[in-house]
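For the sequence shown, the numbering used here assigns the number 193 to the initial residue and increments by one for each residue that follows. All C-beta atoms, glycine included, are put in the ideal place defined by N, C-alpha and C. Note that the coordinates shown come from a computational prediction; the quantities given were computed from them, not determined experimentally. Here's the structure we're looking at; comments come further down.
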Amino acid sequence: MKGSKDHLIEKTFEAFFELEDMREIIRRSLPTGMSAVEEDAFMKSTANLKSVIEALEKGTSEKQANFPQIVDRIGLRYREEGNINIQPIQAAGRLTPEARKALISYGDGYSTCDSCRKPFRLDKISRPPIADFHEELAGFVNMDTARVVPGARRGFQAVTSSLVEKDDPVIVSSLAHYTEFLAVEAAGGKIREIPLDDDNKVDVGSTAEKIEDVIREDGKPPSLMMMDHFDYQYANEHDIKSIAGVAHDYDIPVLYNGAYTVGVMPVDGKKLGADFVVGSGHKSMASPAPSGVLATTDEYADLIFRTTQMKGDVTGRKFGIKEVEMMGCTLMGGTLLAMMASFPHVKKRTQNWDEEVRNSNRFMEEFLKIEGNKVISEYPRRHTLTKVDTTQTFDKVAKEHKRRGFFLSDELSKLGIVGMFPGATRAWKLNTYGLSREKIDYLSDAFKEIAVKYNLNVD
């Protein structure tokens with residue numbers, strides 16, 4: 193096929209949009225068929241589509257002036273089609289083709305409710321197989337019960353609002369995500385942080401010491417521990433199994449934060465000692481935002497997924513089947529169906545985690561050939577998300593460049609690499625998840641090419 197990549201992207205989107213216009217004509221027509229006016233409009237759209245296909249076949253090397261717009265002021269997002277995206281929180285959330293097809297088909301608001309029957313709850317719907325999906329999710333992380341939630345943060349909140357009372361201490365890592373803080377605050381609890389060791393990791397000894405400190409200072413044990421397997425700041429691996437073991441010695445339930453693990457690597461909640469497993473669909477499960485998973489054991493299922501007991505004082509109405517923390521139902525429409533559509537691929541890809549980590553290290557080996565570059569995260573890498581330090585390299589260039597720190601993202605963009613935080617040339621993060629070996633090598637060469645261009649030493 194001929195043509196520049198920009199041309200291919202533009203025309204592909206034009207074809208999609210034309211098909212959607214044709215679909216809308218069909219939607220507006222009567223169940224018995226289209227009117228003469230509708231048929232005429234449909235045929236005109238068909239002709240337009242043919243011209244787009246012909247343009248794709250013919251190709252062009254000319255760069256297009258503007259990509260087509262969706263509506264006024266909402267342009268296309270084609271960063272995944274046109275670039276290598278190393279954005280830290282986007283890499284493992286790229287949708288599969290199946291998920292994108294599900295969005296097209298199930299994008300209407302309450303599409304999941306087409307066949308909703310008694311008992312009128314999301315996790316009980318059998319067509320499409322949403323009930324089965326919930327069971328598969330629980331098995332996927334080896335827990336007893338699971339629910340889909342609008343992002344990992346809502347999973348945190350469901351647990352804290354169920355377990356944490358006013359002024360209860362809750363233990364977290366000193367690298368805990370801000371949403372863990374918010375979940376505890378919303379429940380009226382107090383955050384107590386475990387200090388890090390010299391390697392920016394939580395160790396078992398510090399965990400036990402912190403628990404003892406909390407009991408002594410607050411007069412009661414923590415009502416919950418929330419612990420990241422891989423933190424979001426360095427993506428360092430924390431010994432979650434041993435940490436959970438210490439917490440259980442004090443009868444403290446443990447929430448496993450798998451925002452950067454569930455969906456990219458094998459996770460066995462029970463083996464790791466978790467009472468709750470929380471994952472992020474849009475961060476690590478090739479799903480649209482907001483989406484996530486909350487799973488727990490039989491010990492806590494009745495509490496976390498408790499049903500409403502409230503009764504109207506005038507009408508006497510009751511909604512006993514509705515789960516309080518889920519607000520009755522959670523993910524609906526295209527978000528849920530896209531998550532389900534990606535799931536077979538997600539399950540399969542977790543078995544390739546070792547290869548993903550090898551690719552991460554392959555890139556870092558080349559990145560470190562630029563003399564002065566450093567890896568701040570633990571190294572060799574155990575994850576695809578990494579924090580690096582380029583203070584002695586690209587930041588020195590930035591000090592003299594007219595674009596300052598923006599020069600690096602500018603140069604990368606010219607080479608088709610996006611996702612780096614614009615202006616960052618000191619400490620910053622990137623994620624190589626999902627990149628092929630070919631793209632890993634291209635990414636490595638790009639950084640070295642920029643370094644040579646600005647007279648930095650490359651080994």
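Helix, strand or coil at residue i according to DSSP, with G and I counted as helix
i	result
Ser365	strand
Glu429	strand
Phe511	coil
Leu648	coil
Ile383	strand
Met519	coil
Asn277	strand
Gly301	coil
Thr499	strand
Val485	strand
Ile266	strand
Met161	Examination of residue 161 is not possible in this model, given that the chain is present from 193 through 651 alone.
Val454	strand
Tyr442	coil
Thr252	coil
Ser318	coil
Lys236	helix
Gly437	helix
Arg313	coil
Tyr634	helix
For residue i, the nearest candidate out of the options (CA to CA)
i	options	result
Ala548	Val506, Cys521, Ser628 and Lys591	Per the sequence presented here, residue 548 reads as Glu, with Ala not at that position. Residue Ser628 is the option with its Cα nearest to Glu548.
Ser552	Arg220, Phe535, Glu570 and Lys203	Glu570
Asp423	Ala439, Pro414 and Asn392	Asn392
Lys510	Met502, Glu517 and Val516	Met502
Tyr448	Ala590, Ile513 and Thr488	Thr488
Leu529	Ala294, Asp306, Leu607 and His421	Ala294
Asp300	Thr527, Leu648 and His593	Thr527
Ser354	Glu290, Lys197 and Leu416	Leu416
Thr352	Tyr492, Val263 and Arg319	Tyr492
Ser303	Glu216, Asp395, Gly525 and Phe598	Gly525
Ile245	Ala350, Ala207, Pro458 and Phe586	Ala207
Ser472	Arg384, Leu635, Leu523 and Asp490	Leu523
Ser476	Ser434, Thr624, Thr238 and Ala338	Thr624
Leu635	Ala590, Met556 and Met418	Met556
His440	Phe599, Lys382 and Asp467	Asp467
Asp336	Glu327, Ala533, Ala344 and Asp390	Glu327
Ile666	Ala228, Glu558, Leu367 and Phe332	This structure gives no information on residue 666, because the portion of the chain shown stretches from 193 to 651.
Asp198	Glu273, Gly508 and Val538	Glu273
Limits of the unbroken alpha helix (DSSP H) element including residue i
i	result
Phe205	Lys197 to Arg220
Met532	Gly525 to Arg541
Ala330	Ile322 to Phe332
Leu495	Asp490 to Ile496
Asp410	Val396 to Asp410
Val341	Unbroken run through Val341 is the beta strand (DSSP E), Thr337 to Val341; no alpha helix (DSSP H).
Met226	Note, Met226: premise wrong, no alpha helix (DSSP H); not H, not E.
Gly461	Gly461 to Leu464
Ser353	Ala344 to Leu355
Limits of the beta strand (DSSP E) - the one that residue i falls within
i	result
Leu447	Val446 to Gly450
Asp391	Asp391 -> no beta strand (DSSP E), and no H or E assigned at all.
Gly471	Phe468 to Ser472
Leu287	Note, Leu287: premise wrong, no beta strand (DSSP E); not H, not E.
Leu659	Here the chain covers residues 193 to 651 and nothing more, so residue 659 does not appear.
For this session: Report yes or no: do three or more beta-carbon pairs, one from the stretch 605 to 621 and one from the stretch 573 to 582, lie closer than 8 angstroms?
Result: yes
Problem set entry | Whole alpha helix (DSSP H) elements within the stretch 540 to 627, 4-residue minimum | 545 to 559, 586 to 592 and 598 to 606
For this session: Determine contact between the stretch 433 to 446 and the stretch 404 to 416, defined as no fewer than three beta-carbon pairs at a distance below 8 angstroms.
Result: yes
For this session: Kindly confirm or deny that the stretch 587 to 604 and the stretch 257 to 268 touch, where touching means at least three C-beta pairs closer than 8 angstroms.
Result: no
Exercise. Is the stretch 261 to 280 close to the stretch 601 to 613, with three or more CB pairs under 8 angstroms?
Worked result: yes
For this session: Evaluate the contact criterion for the stretch 450 to 465 versus the stretch 597 to 606: three or more CB pairs, one atom per stretch, below 8 angstroms.
Result: no
Exercise. For the stretch 560 to 570 against the stretch 319 to 333, are there 3 or more C-beta pairs whose distance is under 8 angstroms?
Worked result: no
For this session: Report yes or no: do the stretch 304 to 316 and the stretch 429 to 442 share at least 3 C-beta pairs separated by less than 8 angstroms?
Result: no
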